[in-house]
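To keep things clear, I will list the structure first and then write my remarks on it.
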Amino acid sequence: MTMSPFDHQPDQELGRMLREQLTGPEPEAFLRRLRIAAAGAERGDQWDVLSDWAQPRFMAMAIAAGMLFWLGAWAAGAVQPAGPGVAMASLPAQTVVTGQAPAVDEFMLAMREGR
Amino acid sequence: MDDAELARAAAGGDPDAFGHLIDRCGLAARRAARAILRDDDDADDAVQEGMLAAWRAIERYDPERPFRPWLMRIVVNAALDARRRGKVRQAEPIVDTLESGGLGPDRMTEASLLRGKIDAGLAQLPERQRIALVLFDAEGWGHADIAVALGVPEGTVRSYVFHARRALRASLGTLAEAMK
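Protein chains in written order, with this note's numbering: chain A, 22 to 136; chain B, 1168 to 1347.
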């Protein structure tokens, strides 16, 4: 074994001992295992990366949209029945734009109809 | 076909081409992983993980550059990740798995002692020095390729090899001379 650490050439003897030490048992079986694993593995592409990134965000957006929809539906259900103020807004247009006071019978008609 | 041509064919969807690359590079990758993790099963798992990562990313390999350092970098990173995640079993002496090679009892004892000393010597080296030593002396790689595999400057690789050899020399002592 060349024991000079300054030698810039591979040490054949040390290399042989390291290979014996580190190659491990049943090298052919190990290579076969790797080949089988690679043959069974799907090849990836850039869309895999994108989909990996997108899936959790898509799920989060879907959940957020569902919650907003539910909140909206809940809020709509919690709105008080239309009161007089709303009924006033649905008075005939000319009563709003003419600036004249609405006739009493017209006003009462609108209230009865629940407009 | 050389490595780059096989890698190009593999990138084109030829799994047999990647199988040939496994045959060429698998054992060197295993030795590097065992040098890092010092456990048969952990090393084999890390090499498999690295090989599959390389297979999935083969389109990103630049055929103008050497293939083996590219692959080895992926495998080394897989082994270092396994180490960092603590996904390693209790390390056992790997000398038990070696065959005697038909030596007589005295030579077997000496060989076993030498293997034990190599194992102990490797164990005391920092991981990257270990990898550099294995790739340089056991695999015959040049400093430039090792630098790519480790992601460090070439001068750092020279330093790694220098320090690793010096430490291993101290561990082996005169036993190696007696083996000659």
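By construction, the Cβ of each residue, glycine as well, lies at the ideal position given by its N, Cα and C atoms.
Only L1300, V1301, F1303, D1304, A1305 and E1306 from the stretch 1292 to 1306 of chain B bring a Cβ to less than 9 Å from some Cβ of chain A. Chain-order list of chain A residues neighbouring B:A1202: L43, by C-beta distance under 7 Å. The DSSP-derived three-state label of B:V1315 is helix. Using a Cβ-Cβ cut-off of 8 Å, B:W1237 is close to nothing in chain A; its nearest Cβ partner there is about 16 Å away. Contact holds between the stretch 51 to 65 of chain A and the stretch 1209 to 1221 of chain B, because three or more Cβ pairs, one in each stretch, are under 8 Å apart. At least 9 Å separates the CB of B:I1313 from every CB of chain A. Shown here for B:L1289: same chain residues with a beta carbon closer than 7 Å to its own, the five before and five after excluded, namely A1202 and R1297 in chain order. Counting C-beta atoms within 10 angstroms of its own C-beta, A:M82 has fewer than 16 neighbours from the protein chains shown and is therefore classed as exposed. The beta carbon of A:F90 does not come within 9 Å of any beta carbon belonging to chain B, so the residue lies off that interface.
A residue is called buried when at least 16 other Cβ atoms come within 10 angstroms of its Cβ; B:W1237 meets this threshold and is buried. In chain order, P1236, M1239, R1240, V1243 and L1302 place their CB closer than 7 Å to the CB of B:A1316, counting only its own chain and leaving out the 5 sequence neighbours on each side. With respect to B:A1314, B:V1328 sits apart: the two C-beta atoms are not nearer than 9 Å. For B:F1185, the nearest beta carbon of chain A is closer than 9 Å to its own beta carbon. For B:A1224, the closest alpha carbon among the candidates A:A94, A:A59, A:I84 and A:A86 is that of A:A59. In this structure, the CA atom of A:G87 is about 42 Å from the CA atom of B:R1250.
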